[in-house]
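*Asks:* Quick one: the structure is below, questions incoming.
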Amino acid sequence: MAVVVGPRSQQSAHDLIHRTAYVLCGELPLFVSDELDAYGVALLEQYHLQVSYPRTGKRGRPRKEKKRPVADLRYGQVVKKREKGRVVSVSKRIVYGDPVTINPRQINTSLIERLNLTLCRENAALQRKTLSFAKDENELKAHVAFQVAFYHFVRPHLSLRERVSMEEQDHSPCRWRKRTPAMAAKITDHLWSLRELLMFRPAITSTN
Numbered sequence: 014m015a016v017v018v019g020p021r022s023q024q025s026a027h028d029l030i031h032r033t034a035y036v037l038c039g040e041l042p043l044f045v046s047d048e049l050d051a052y053g054v055a056l057l058e059q060y061h062l063q064v065s066y067p068r069t070g071k072r073g074r075p076r077k078e079k080k081r082p083v084a085d086l087r088y089g090q091v092v093k094k095r096e097k098g099r100v101v102s103v104s105k106r107i108v109y110g111d112p113v114t115i116n117p118r119q120i121n122t123s124l125i126e127r128l129n130l131t132l133c134r135e136n137a138a139l140q141r142k143t144l145s146f147a148k149d150e151n152e153l154k155a156h157v158a159f160q161v162a163f164y165h166f167v168r169p170h171l172s173l174r175e176r177v178s179m180e181e182q183d184h185s186p187c188r189w190r191k192r193t194p195a196m197a198a199k200i201t202d203h204l205w206s207l208r209e210l211l212m213f214r215p216a217i218t219s220t221n
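Quick note on numbering: the numbering used here labels position 75 of the sequence shown as 88, and the sequence is numbered without any gaps.
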């Protein structure tokens, strides 16, 4: 949905959640991350209700306003305990949301870890220990943006393929129809070529 190139900092977490909220258009899925608390802070900043307390008439300072997460915000963490650099146990923690509405099996970071592996495999500058470090931050951001666009629009995913109907098989030897994440999300109806991706001109929306 969104990618931010930068350190694992609070500001990067805020930027990531803000961009994700723009794409979601009000819908709230289950958010899952590792134990970095910056994501929880950013989610509360993005999705909260401001709670104020009435004055009691008593002496002293009044209670400060408090941010409370919206009712449909759900966020879980995968917490890994390490000893001598090795993971010895993994636990799951619900930070926001009703535990009744959250399936513990869904609190899993394997999908995002697999995506990170794919990006690092194709872009050596994203690897932790590498001689191919990025010389320019803007070029690195452009490279990652191209990777993400290619991943969503050009590269077909085996797990997203659709079985071709019997009627269609009469006219084609293919039993499966290849699909990309953009096709699964109904953003496009076909596999994009690399040329189409590079030549595409996005519509510019005026803010006036």
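All C-beta atoms in this analysis are idealised placements derived from N, C-alpha and C, irrespective of residue type, glycine included.
At 4 residues or longer, what runs of the alpha helix (DSSP H) sit wholly inside the region 123-180?
*Replies:* Within the region 123-180, the complete alpha helix (DSSP H) runs of at least 4 residues are 123-135, 150-166.
*Asks:* Distance, Cα to Cα, Asn151 vs Arg74?
*Replies:* Near 48 angstroms, if we compare the C-alpha coordinates of Arg74 and Asn151.
*Asks:* Out of curiosity, what's the CA-to-CA distance linking Leu86 and Ala55?
*Replies:* Computed Cα separation, rounded: 12 angstroms.
*Asks:* Compare the Cα-Cα distances from Ala138 to each of His156, Arg127, Val64, Ile125 and report the closest residue.
*Replies:* Considering only alpha carbons, the answer is His156.
*Asks:* Which residues mark the beginning and the end of the alpha helix (DSSP H) in which Glu209 is found?
*Replies:* That run of the alpha helix (DSSP H) goes 207-212.
*Asks:* Taking C-alpha atoms, which residue in Leu207, Glu48, Gly89 lies nearest to Tyr164?
*Replies:* That would be Leu207, whose Cα lies nearest to the Cα of Tyr164.
*Asks:* Are there three or more Cβ pairs, one per stretch, closer than 8 angstroms when the region 187-198 is compared with the region 161-178?
*Replies:* The region 187-198 is in contact with the region 161-178.
*Asks:* Once DSSP output is grouped into helix, strand and coil, what is the label at Val83?
*Replies:* Three-state result, Val83: coil.
*Asks:* Under 8 angstroms between the Cβ atoms of Thr122 and Asp28?
*Replies:* Going by C-beta atoms, Thr122 is not nearer than 8 angstroms to Asp28.
*Asks:* When the Cα atoms are used, what is the spatial distance from Pro194 to Val101?
*Replies:* Rounded to the nearest angstrom, the two C-alpha atoms are 34 angstroms apart.
*Asks:* Does the region 33-49 come into contact with the region 86-98, if we say contact requires no fewer than three beta-carbon pairs (one atom in each stretch) closer than 8 angstroms?
*Replies:* Yes: the two stretches touch, three or more of their Cβ pairs being nearer than 8 angstroms.
*Asks:* On the criterion of 16 or more Cβ atoms from any shown chain inside 10 Å, does Ile200 qualify as buried, or is it exposed?
*Replies:* Burial call: exposed.
*Asks:* Considering just the uninterrupted stretch of the beta strand (DSSP E) at Arg106, what are its terminal residues?
*Replies:* Unbroken beta strand (DSSP E) run through Arg106: 99-109.
*Asks:* Please report the residue range of the beta strand (DSSP E) in which Val36 lies.
*Replies:* Taken as a continuous stretch (DSSP letters only), Val36 belongs to no beta strand (DSSP E), being part of the alpha helix (DSSP H) at 23-37.
*Asks:* Going straight from the alpha carbon of Ala51 to that of Ile120, what length do you get?
*Replies:* Those two C-alpha atoms are separated by around 17 angstroms.
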